[in-house]
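Structure first, commentary second.
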Amino acid sequence: MHYVYILQSETYPEKYYVGQTDDLKSRIEKHNAGYVISTKPFSPWKIASYHAFADRRKAMDFEKYLKSGSGVAFAKKRLR
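Note that the numbering used here has the sequence shown beginning at 8, numbered continuously upward.
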């Protein structure tokens, strides 16, 4: 399975991060351990949402959508 996930900073709740992985548990641990430069300043993180895909390409397309203007609006509307 391939996962698209949205993280929310526990320290700065207005900060979100969108990513994609095939090992969700390991990836979240890396974010919270400070191995991801773009998320390190806002650790710790919690999972706000995740979506599973059997097809990697579909997961990548959904991640790209969530990072677009309309995708950001979609996520904000449904996560708050």
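Each residue gets a CB set at the ideal place from its N, CA and C atoms; glycine is no exception.
Please read these numbers as outputs of a predicted model, since none were measured by experiment.
Whether residue i touches residue j by CB criterion (8 angstroms)
i   : j   : result
F49 : Y19 : yes
A66 : Q27 : yes
E17 : K47 : no
L4  : A55 : Missing from the structure shown is residue 4; the chain here goes from 8 to 87 and no further.
First and last residue of the uninterrupted beta strand (DSSP E) at residue i
i   : result
A55 : 52-60
Presumed contact (8 angstroms Cβ cut-off) between residue i and residue j, rounded CB distance
i   : j   : result
F81 : V11 : The pair is not a contact, with the Cβ atoms about 12 angstroms apart (cut-off 8 angstroms).
Close beta carbons around residue i, own chain, < 6 angstroms, minus the five adjacent residues each side
i  : result
M8 : A59
Residue interval of the alpha helix (DSSP H) (run including residue i)
i   : result
G26 : No alpha helix (DSSP H) contains G26, which is instead part of the beta strand (DSSP E) from 23-28.
I13 : Counting along the chain, I13 falls outside any alpha helix (DSSP H), though it belongs to the beta strand (DSSP E) covering 9-16.
K84 : 76-86
S33 : 31-40
K65 : 63-73
7 angstroms CB neighbourhood of residue i in its chain, flanking five on each side removed
i   : result
V43 : K37
Residues of its chain near residue i, where Cβ-Cβ distance is below 8 angstroms and the 5 sequence neighbours each way are ignored
i   : result
S45 : Y24
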